[in-house]
């Protein structure tokens, strides 16, 4: 049976929250790699919040996906054909491209990985871009020190899971924030955070109780009311690692102000010598991927870092799963098993 | 004639903007230095915005001045008597203490200075704490690079003057913001900034015109509507050096939120990888003072840095001058000639 390429295209730009009609599912011939390219068969597709930005044509740090083009995303899979030196059929690779079964990619960002080291899907999560994001943001901005208090929003998500566990390895008291009792129980019970607060309940009261000595490092994944509750509790020399603000991605995608709620008055930034800094992992992260992977594999082997995935079966279900991701419906790193 | 000590005390904590009745002027005997202390006769007193914070008992980075105590401030003058090694009567020193004619001080923060190097009052401005503030904030946070655009608020003030001129030395395009045509003319004509915008006029339109390529470094001295106009114009990897927010010192002195207006939505901090960082010069500045002074004296000799002072005659006029400082009434570094 001749295989076909299954692709998910951006049909139109969403108005607010994406809906299924914003996507189009097509079957096309398997592409032929050009000279210098590698043909990759995806086994796993990563779904991540940043993709909401790519669906919008608002000015951002990366080009938007064009209407009618394949949705952007990273996959893990195997090499089917190679016209590039250093890659051969059967190689297991991280870095295939897009919401599709087959992709032709340049080898520059393709990492050959050892499938014995960890389950392949982990290279899209704890060992992939989300894990690298956590590691880079803490190395460069958060700089947690033993004895400090770290608060992590979206604590059960792909990045938050890793942030908090690195915080524990660094000797911090780590307090997660997540949506609902089930996620909070996982964060404390399975991931070993010291506490996890449910943002559906009174966050001020919970933070008062969980962080009586204030907050030294805040990992920002969400924005909105969670940010408003955390900000006044930052200690002198506190750091806010600005990784994302998913709470407003559907309000003002990439825009500066239109519809976005105001933020905190910045007076305390002077008085407390706060550092509020944003970063995008692709700026400086990938050249450091081998170093990160080596360290993280060590932590996984030692049982010091665990992870949870939310597996979606079948590429056709990716749009619905992605819509759910923006609503917090997933529980753990969201990955699609590509059929 | 036996001299007396003239002192200005904090009589009560201001409600909002300070008024003359918040201060008390007293004459007392000249104090006797204890063992290990130096008696300094002030010739110049520095008046600076941070003093508003010390009048309040809201939580801050430094202890408030107690009711009935001498107002905090730095002076330059000469040693009258010394019971500390390394200082002798007649030495010219920076680091005397308080709104008073005579003070007994520990030698740890007293700098002996050469009165031939520059006029003594300059050691309270361009060669003193405000100059050091500019230098440290740019070294540690602003990190201006040649070809970048720097915007400086309160550009004709003690710190702003120096910030912009260092920016020019570093090869930046420097745009000041000040209140009124007279100050703006001084900033461009005397200090050599590329442009200076009057915040009483339409700042958005002026910024569009003066900074067509966006803003890479913003030196924040004021907050409020100036901050709101600058923030959306920050470029990718822009830095906000948070030195002060004088526009709200009388609204919410030191407080986190009470009465303070909201700030910008922080979504762009992620997308643009902004760094917003506050600092207080006394944290790390003074050990670097000799290095700073050496470099700044070189710039002064070469005519690359100029400065302007607003001189108030007589210590009894300090309260009124300070009240004016918080209203932007001064024009240049505000210093009191101590009689």
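Chains as they are written, first to last, in the working numbering: chain A, 105 to 443; chain B, 105 to 443.
Quick reminder that beta carbons are idealized off the backbone N, C-alpha and C, glycines included.
These numbers were taken from a predicted model, which means no experiment stands behind them.
### Integer Cβ distance of residue 223 of chain B from residue 266 of chain B, believed to fall under 8 Å
Residue numbering aside, residue 223 of chain B sits at position 119 when the second chain is read from its first letter. Residue numbering aside, residue 266 of chain B sits at position 162 when the second chain is read from its first letter. About 16 Å separates the beta carbon of residue 223 of chain B from that of residue 266 of chain B, a gap too long to meet the 8 Å contact definition.
### Where the alpha helix (DSSP H) containing residue 312 of chain A begins and where it ends
Locating residue 312 of chain A in the first chain gives position 208, counting from the first residue. It spans 307 to 314 - the alpha helix (DSSP H) in which residue 312 of chain A sits, taken as one unbroken run.
### Message
Closer than 7 Å between beta carbons: that is the criterion. Which residues of the stretch 148 to 171 of chain B meet it against chain A?
### Response
Residues of the stretch 148 to 171 of chain B whose Cβ lies closer than 7 Å to any Cβ of chain A, in chain order: 164, 165.
### Message
Any C-beta of chain B within less than 9 Å: which residues of the stretch 233 to 262 of chain A qualify?
### Response
Listed in chain order, the positions of the stretch 233 to 262 of chain A with a beta carbon within less than 9 Å of a beta carbon of chain B are 245.
### Message
Residues in the same chain with beta-carbon distance under 8 Å from residue 284 of chain B, minus the five sequence neighbours each way, listed in chain order, please.
### Response
Locating residue 284 of chain B in the second chain gives position 180, where the first residue counts as 1. Answer for residue 284 of chain B: 302, 304, listed in chain order.
### Query
Helix or strand or just coil, what does DSSP make of residue 388 of chain B?
On the second chain, position 284 is the one that residue 388 of chain B refers to. Looking at residue 388 of chain B - three-state DSSP - the assignment turns out to be helix.
### Query
Looking only at DSSP bridge pairs, what is residue 437 of chain A linked to?
For the purposes of this step, residue 437 of chain A is taken as residue 333 along the first chain, with counting starting at 1. Beta-bridge pairing links residue 437 of chain A to A:413.
### Task
Please list the residues of the stretch 369 to 398 of chain B that have a C-beta atom closer than 8 Å to any C-beta atom in chain A, keeping them in chain order.
Answer set for the stretch 369 to 398 of chain B: 369, 370, 371, 372, 373, 374, 375, 376, 377, 378, 379, 380, 381, 382, 383, 384, 387.
#### Entry: Strand pairing of residue 257 of chain A, partner residues [DSSP]
The residue given as residue 257 of chain A occupies position 153 in the first chain. In the DSSP output, where bridge partners are listed per residue, residue 257 of chain A has A:281.
### Query
By a C-beta neighbour count over all protein chains shown, 10 Å radius and 16 as the cutoff for buried, is residue 309 of chain B buried or exposed?
On the second chain, position 205 is the one that residue 309 of chain B refers to. By the neighbour-count criterion, in which a residue is buried when 16 or more other Cβ atoms sit within 10 angstroms of its Cβ, residue 309 of chain B is exposed.
### Query
Who are residue 374 of chain B's beta bridge partners in DSSP?
Against the second chain, residue 374 of chain B aligns to sequence position 270. DSSP links residue 374 of chain B through a beta bridge to no other residue.
### Query
Taking all protein chains shown into account, do 16 or more other C-beta atoms lie within 10 angstroms of the C-beta of residue 163 of chain A, making it buried, or fewer, making it exposed?
Walking along the first chain from the start, residue 163 of chain A turns up at place 59. Taking all protein chains in view, the Cβ of residue 163 of chain A is surrounded by fewer than 16 other Cβ atoms within 10 Å, so the residue is classified as exposed.
### Task
Assuming residue 326 of chain B contacts residue 258 of chain B (C-beta within less than 8 Å), just tell me the rounded distance between them.
The residue given as residue 326 of chain B occupies position 222 in the second chain. The residue given as residue 258 of chain B occupies position 154 in the second chain. Separation of the CB atoms of residue 326 of chain B and residue 258 of chain B is rounded to 5 Å, and the pair is thereby assigned contact status at 8 Å.
### Query
Closest by CA to residue 232 of chain B, which one among B:213, B:250, B:142?
The residue you call residue 232 of chain B lines up with position 128 of the second chain. For residue 232 of chain B, the nearest C-alpha among the options comes from B:213.
### Query
Run through DSSP, which three-state label would residue 294 of chain B get?
Position 190 of the second chain holds residue 294 of chain B. Here residue 294 of chain B sits in coil by DSSP.
### Task
Pull up the distance between the alpha-carbon of residue 290 of chain B and that of residue 157 of chain B, whole angstroms please.
In the second chain, counting from the first residue as 1, residue 290 of chain B sits at position 186. In the second chain, counting from the first residue as 1, residue 157 of chain B sits at position 53. C-alpha of residue 290 of chain B to C-alpha of residue 157 of chain B: approximately 29 Å in a straight line.
### Coil, strand or helix - residue 360 of chain B by DSSP
By 1-based counting over the second chain, the position of residue 360 of chain B is 256. With a pLDDT of 42 at residue 360 of chain B, under the threshold of 50, the predicted position of this residue should be treated as unreliable, though the coordinate-derived value follows. If DSSP states are grouped into helix, strand and coil, residue 360 of chain B belongs with coil.
### Task
On the DSSP bridge assignment, give the partners of residue 204 of chain B in chain order.
Counting from 1 along the second chain, the entry for residue 204 of chain B is found at position 100. B:111, per the DSSP bridge assignment.
### Query
For the stretch 280 to 310 of chain B, which residues have a beta carbon sitting closer than 7 Å to at least one beta carbon of chain A?
Answer in chain order: no residues at all.
### Query
Roughly how many angstroms separate the alpha carbons of residue 175 of chain B and residue 340 of chain A, rounded to a whole number?
In the second chain, residue 175 of chain B corresponds to position 71, counting from 1. In the first chain, residue 340 of chain A corresponds to position 236, counting from 1. Their Cα atoms are separated by approximately 25 Å.
### Query
Who are the Cβ neighbours of residue 191 of chain A in its own chain at under 8 Å, not counting the five residues just before and after it?
Taking the first residue of the first chain as position 1, residue 191 of chain A is located at position 87. Once the five neighbours on either side are set aside, the close Cβ partners of residue 191 of chain A are 142, 183, 197, 211, 214, 216.
### Interface partners of residue 347 of chain A on chain B, CB under 8 Å
The residue labelled residue 347 of chain A in the question sits at position 243 within the first chain. Going along chain B in sequence order, the residues near residue 347 of chain A (Cβ under 8 Å) are 374.
### Query
Should residue 352 of chain A be flagged as near chain B, meaning a C-beta pair shorter than 7 Å?
Along the first chain, read from residue 1 onward, the residue named residue 352 of chain A stands at position 248. At least one chain B Cβ lies under 7 Å of residue 352 of chain A.
### chain B contact residues for residue 126 of chain A, given Cβ-Cβ distances below 7 Å
Taking the first chain and counting its residues from 1, the one referred to as residue 126 of chain A is at position 22. Under the 7 Å cutoff, chain B gives no residues; its nearest Cβ is about 21 Å from residue 126 of chain A.
### As assigned by DSSP and simplified to three states, the class of residue 233 of chain B
Numbered from its first residue, the second chain carries residue 233 of chain B at position 129. In the three-state reduction of the DSSP assignment, residue 233 of chain B falls in the helix class.
### Query
residue 401 of chain B lies in the alpha helix (DSSP H); which residues open and close that run?
The count along the second chain starts at 1 and reaches residue 401 of chain B at position 297. Residue 401 of chain B -> alpha helix (DSSP H) spans 393 to 405.
### Message
Do residue 271 of chain B and residue 364 of chain A have their beta-carbon atoms positioned less than 7 Å apart in this structure?
### Response
Locating residue 364 of chain A in the first chain gives position 260, counting from the first residue. Locating residue 271 of chain B in the second chain gives position 167, counting from the first residue. Residue 364 of chain A places its beta carbon 7 Å or farther from that of residue 271 of chain B.
### Message
Check whether the stretch 407 to 424 of chain A and the stretch 236 to 248 of chain A touch, using three or more Cβ-Cβ pairs below 8 Å as the test.
### Response
Output reads no: the stretch 236 to 248 of chain A does not touch the stretch 407 to 424 of chain A.
### Message
Since residue 250 of chain A and residue 288 of chain A should fall inside the 8 Å C-beta cutoff, what is the C-beta to C-beta distance between them, to a whole number of angstroms?
### Response
Taking the first chain and counting its residues from 1, one reaches residue 250 of chain A at position 146. Taking the first chain and counting its residues from 1, one reaches residue 288 of chain A at position 184. Wrong, their Cβ atoms sit about 25 Å apart, outside the cutoff.
### Message
So that I know if they touch, is there some Cβ in chain B lying closer than 7 Å to that of residue 366 of chain A?
### Response
The sequence position of residue 366 of chain A within the first chain is 262, counting from 1. Nearest CB-CB separation between residue 366 of chain A and chain B: below the 7 Å threshold.
### Query
Going by Cα to Cα distance, which pick from A:331, A:179, A:334 is closest to residue 204 of chain A?
For this step, residue 204 of chain A is matched to residue 100 along the first chain. Cα-wise, what sits closest to residue 204 of chain A is A:179.
### Counterpart residues of residue 182 of chain A in DSSP-defined beta bridges
Counting from 1 along the first chain, the entry for residue 182 of chain A is found at position 78. Paired residues: A:145, A:196.
### Query
If you drop the 5 nearest sequence neighbours on each side, which residues of the same chain put their C-beta closer than 7 Å to that of residue 314 of chain B?
If you number the second chain from 1, residue 314 of chain B lands on position 210. In its chain, beyond the 5 residues on either side, 279, 299, 301 have a beta carbon closer than 7 Å to the beta carbon of residue 314 of chain B.
### Task
Give the C-beta separation of residue 160 of chain A and residue 117 of chain A to the nearest angstrom, bearing in mind that I take them to be a contact with Cβ-Cβ under 8 Å.
Here residue 160 of chain A corresponds to residue number 56 of the first chain, with the count starting at 1. Here residue 117 of chain A corresponds to residue number 13 of the first chain, with the count starting at 1. Contact flag correct, Cβ pair sits at about 6 Å.
### Task
Reducing DSSP to helix, strand and coil, say where residue 220 of chain B ends up.
Your numbering for residue 220 of chain B matches position 116 in the second chain. Coil at residue 220 of chain B, not helix or strand.
### Message
Is the beta carbon of residue 381 of chain A closer than 7 Å to that of residue 245 of chain A?
### Response
Working through the first chain from its first residue, we reach residue 245 of chain A at position 141. Working through the first chain from its first residue, we reach residue 381 of chain A at position 277. Cβ distance < 7 Å, so residue 245 of chain A and residue 381 of chain A count as in contact.
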